[in-house]
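Notes for the one structure printed next.
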Amino acid sequence: MSETLKEKALAYHEFPKPGKIATEITKSTETQHDLYLAYTPGVAEPVKEIHNNPENVYKYTAKGNLVGVITDGTAVLGLGDVGSLAGKPVMEGKGVLFKRFADVDVFDIEVNAESPQDFIDTVVRIAPTFGGINLEDIAAPHCFEIERKLADLLDIPVFHDDQHGTAIIIAAGLINALEIQGKKIEEVKIVCLGAGAAGIASMQLLDALGASKENIYMVDRGGVIYDGRGDYDEYKAEFAVKTEQRTLLEACTDADVFIGVSGPNLLSEEAVKAMAPKPIVFALSNPDPEIDPALAKAVRPDIIMATGRSDYPNQVNNVLGFPFIFRGALDVRASCVNREMQVAAVKALAALAKEDVPAEVLKAYEVDAMKFGPEYIIPTPLDPRLRDRIPQAIAQAAIDTGVARNL
57 MSETLKEKAL
67 AYHEFPKPGK
77 IATEITKSTE
87 TQHDLYLAYT
97 PGVAEPVKEI
107 HNNPENVYKY
117 TAKGNLVGVI
127 TDGTAVLGLG
137 DVGSLAGKPV
147 MEGKGVLFKR
157 FADVDVFDIE
167 VNAESPQDFI
177 DTVVRIAPTF
187 GGINLEDIAA
197 PHCFEIERKL
207 ADLLDIPVFH
217 DDQHGTAIII
227 AAGLINALEI
237 QGKKIEEVKI
247 VCLGAGAAGI
257 ASMQLLDALG
267 ASKENIYMVD
277 RGGVIYDGRG
287 DYDEYKAEFA
297 VKTEQRTLLE
307 ACTDADVFIG
317 VSGPNLLSEE
327 AVKAMAPKPI
337 VFALSNPDPE
347 IDPALAKAVR
357 PDIIMATGRS
367 DYPNQVNNVL
377 GFPFIFRGAL
387 DVRASCVNRE
397 MQVAAVKALA
407 ALAKEDVPAE
417 VLKAYEVDAM
427 KFGPEYIIPT
437 PLDPRLRDRI
447 PQAIAQAAID
457 TGVARNL
C-alpha cells in the first residue's frame with residue numbers, strides 16, 4: 057500500500073470522529089413526556105408485554121432488524137490472526153455495508169476466546185440481542201464447527217460470510233460463465249486453490265448445484281488433496297479424489313474452471329495454458345490475484361476472468377450477497393439460512409446479470425454499456441435492483457422450506 061493510500065485510509069477512519077459507525081435514536085426525545093415513555097416508567101409496559109409473550113420483542117424493540125457481526129480475529133482479511141481488537145475496523149466496515157445496502161443495523165462484537173467452545177458459549181449468551189448473527193473472519197477449520205454448533209443452538213440465522221457469502225457470489229458468476237462458454241456444471245473439471253473456509257464452502261455449494269465431486273480438485277499447501285494423502289481434516293476429506301495428479305499444474309491440465317481463494321501470484325501462465333478450451337478463471341485473492349488478468353488473457357484469449365477487485369470486470373464481491381441475504385431472512389424472521397435459501401440467492405444473482413443494466417449503474421461506473429457476456433457475468437455492487445431481488449428470493453425460499461415465522 058502506498059504511503060498516500062495509507063494516510064488517506066487512516067485519516068478516513070480517524071476523522072471527524074474515530075470509527076465508521078454509530079447508533080441513532082429512532083423516537084422523539086424532545087420533551088419530558090418523551091423521556092417518560094422512553095425510559096421509566098413508560099418502558100415497563102413493553103417489558104411486561106415481552107415477559108408475557110417473548111414474540112413481542114420483535115414488536116417493541118430493534119431486535120428484528122439488528123445483526124451481530126462477530127469475530128475472534130483469527131483470519132482477518134489477508135492479514136491472518138491479528139486478534140479480535142485489530143479486527144474491529146473490519147467489523148465496523150461490515151456494519152457500514154449492511155446499513156448502506158440493505159438498511160440492516162449492526163452491533164459489532166469482538167470476542168477474545170481461548171477455544172472454539174469459548175467463542176460459541178459467548179455468542180449463545182448474547183444472542184437474545186439479535187435477529188441474526190454474521191460470523192466474520194474466523195479461521196478454518198474452527199469456523200465450520202462454530203457455525204454448525206451455533207446454528208443448532210440458536211433459532212435465528214447464523215451465517216459465516218467468509219464461507220457462504222463468498223460461495224454464493226462465486227456460484228452465481230460461475231453459472232453464467234459456464235453458460236457463455238457453452239459448458240455444463242455436471243461435466244466440468246474444477247480446480248480450487250485454497251482449502252479454507254471459502255474454498256470448502258464454495259465447493260459444497262457447487263456440489264449442491266450439480267457439480268460432480270469426482271471432478272473437483274482441491275489444492276492446498278500440500279498439493280492436490282487426493283484419497284490416501286492422509287494429512288487433511290474431515291472438511292478437506294470430503295473433497296479427496298482418486299487421482300495420480302499431485303501438483304497445481306497437473307490439476308489444471310484440461311481443467312475447465314479454476315477458482316482461487318488463496319494468495320497472490322500462485323497460478324502460473326503455464327497452468328492457464330494447460331487448461332481446457334474456453335477456460336474460466338476466478339482469481340479471487342485480494343488485493344493481488346492468483347494471476348494478473350492481463351497475463352491470463354494474453355496466454356488464453358478465450359478465457360473468462362473474474363477477480364475480487366473493483367478495477368477489473370467481473371468483481372466477485374460479498375457485498376452482492378450478505379446484506380440482502382440477511383434483509384430477506386430478517387423480513388420473514390427466518391430461523392436459519394439454509395441451503396435452499398443460498399441456492400435461491402445464487403439463481404437470483406445469476407438471473408439479474410442477464411437483464412438490461414439501469415442507466416444509473418452505467419453512470420456510477422462511468423461506462424456506456426454493460427451487457428451480459430464475458431466481461432459482465434455478475435451484477436455490480438451498486439445495482440439498486442439487488443435490494444429488491446435478493447431479499448425476495450431469500451424470503452420466498454425461507455417460506456417454501458418452512459423456516460419463516462413471519463409470513
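All residue numbers for the sequence shown refer to our numbering, where the first residue is 57 and numbers rise by one. Beta carbons are placed, not taken as given, at the ideal position from N, Cα and C, and that holds for glycine.
Name the two residues that bound the continuous alpha helix (DSSP H) containing residue i.
i      : result
Asn108 : 100-108
Thr178 : 172-182
Ile347 : Run containing Ile347: none; DSSP gives neither H nor E here.
Pro357 : Run containing Pro357: none; DSSP gives neither H nor E here.
Glu201 : 198-209
Asp444 : 442-456
Val167 : From DSSP, Val167 is part of no alpha helix (DSSP H); its letter is neither H nor E.
Tyr92  : 88-94
Glu63  : 59-70
Tyr288 : Segment: none, Tyr288 is in no alpha helix (DSSP H) and carries neither H nor E.
Glu422 : Where Glu422 is concerned, there is no enclosing alpha helix (DSSP H), given that its DSSP letter is neither H nor E.
For my contact list, residue i and residue j are in at a C-beta cut-off of 8 Å; report their separation, rounded to the angstrom.
i      : j      : result
Pro379 : Val160 : 6 Å
Gly129 : Ile77  : Not confirmed; about 18 Å, so no contact.
Ala264 : Asp283 : About 22 Å separates the two Cβ atoms, so there is no contact after all.
Asn112 : Glu105 : 5 Å
Glu166 : Leu141 : 6 Å
Ile202 : Phe175 : 6 Å
Phe200 : Tyr291 : 6 Å
If distances are taken between C-alpha atoms only, which option among the options comes closest to residue i?
i      : options                        : result
Asp358 : Ala385, Val375, Ala330         : Ala330
Ile455 : Val214, Asp387, Gly284         : Asp387
Ala311 : Glu270, Ala94, Ala207          : Glu270
Asp217 : Ala406, Met147, Gly284         : Met147
Ala228 : Lys292, Leu405, Arg365         : Leu405
Lys353 : Arg365, Ala183, Glu325, Asn370 : Glu325
Ala332 : Ala425, Ser341, Val244         : Val244
Gln88  : Asn168, Glu80, Pro97           : Pro97
Arg389 : Asp211, Glu290, Ser268         : Asp211
Pro213 : Arg383, Ala158, Thr303, Asp344 : Arg383
Asp439 : Gly279, Gly221, Val417         : Val417
Lys410 : Asp289, Asn232, Gly266, Ala296 : Asn232
Ile241 : Ile256, Gly266, Ser258         : Gly266
Asn168 : Gly139, Arg445, Lys155, Glu80  : Gly139
Ala183 : Asp208, Ser268, Val328         : Asp208
Ala223 : Cys392, Gly364, Glu63          : Gly364
Tyr368 : Ile434, Val328, Glu306         : Ile434
Asp289 : Ala327, Ala253, Gln301         : Ala253
Asp412 : Tyr421, Glu86, Met426, Val399  : Met426
Glu192 : Phe157, Lys144, Gly286, Arg156 : Lys144
Gly279 : Thr299, Leu91, Pro172          : Thr299
Arg441 : Ala257, Thr60, Leu408          : Leu408
On the DSSP bridge assignment, give the partners of residue i in chain order.
i      : result
Tyr432 : Gly429
His154 : Here residue 154 turns out to be Phe, not His, going by the sequence shown. Answer by DSSP bridge pairing: none, since Phe154 is not bridged.
Leu191 : Ile126, His216
Asp412 : The partner list for Asp412 (beta bridge, DSSP) is empty, contrary to what the question assumes.
Val162 : Val123
Thr363 : Ala339, Gln371
Gly316 : Leu249, Ala339
Tyr282 : Val297
Val399 : BP columns for Val399 are empty, so no partner.
Gly384 : DSSP output for Gly384 lists no bridge partner at all.
Gly266 : According to DSSP, which records beta bridges pairwise, Gly266 is partnered with nothing at all.
Val132 : Gly136
Since residue i is in the beta strand (DSSP E), which residue starts that stretch and which ends it?
i      : result
Cys248 : 246-249
Met274 : 272-276
Gly238 : No beta strand (DSSP E) holds Gly238; DSSP gives it neither H nor E.
Contact the segment 308-321 vs the segment 247-254: 3+ CB pairs below 8 Å: yes
Cβ pair count under 8 Å reaching 3, the segment 120-136 against the segment 183-194: yes
Below 8 Å, how does it come out for the segment 196-212 and the segment 366-383: are there three or more Cβ pairs, yes or no? no
For the segment 223-242 against the segment 426-434, are there 3 or more C-beta pairs whose distance is under 8 Å? yes
Meets three-Cβ-pair contact criterion under 8 Å: the segment 334-346 and the segment 273-287: no
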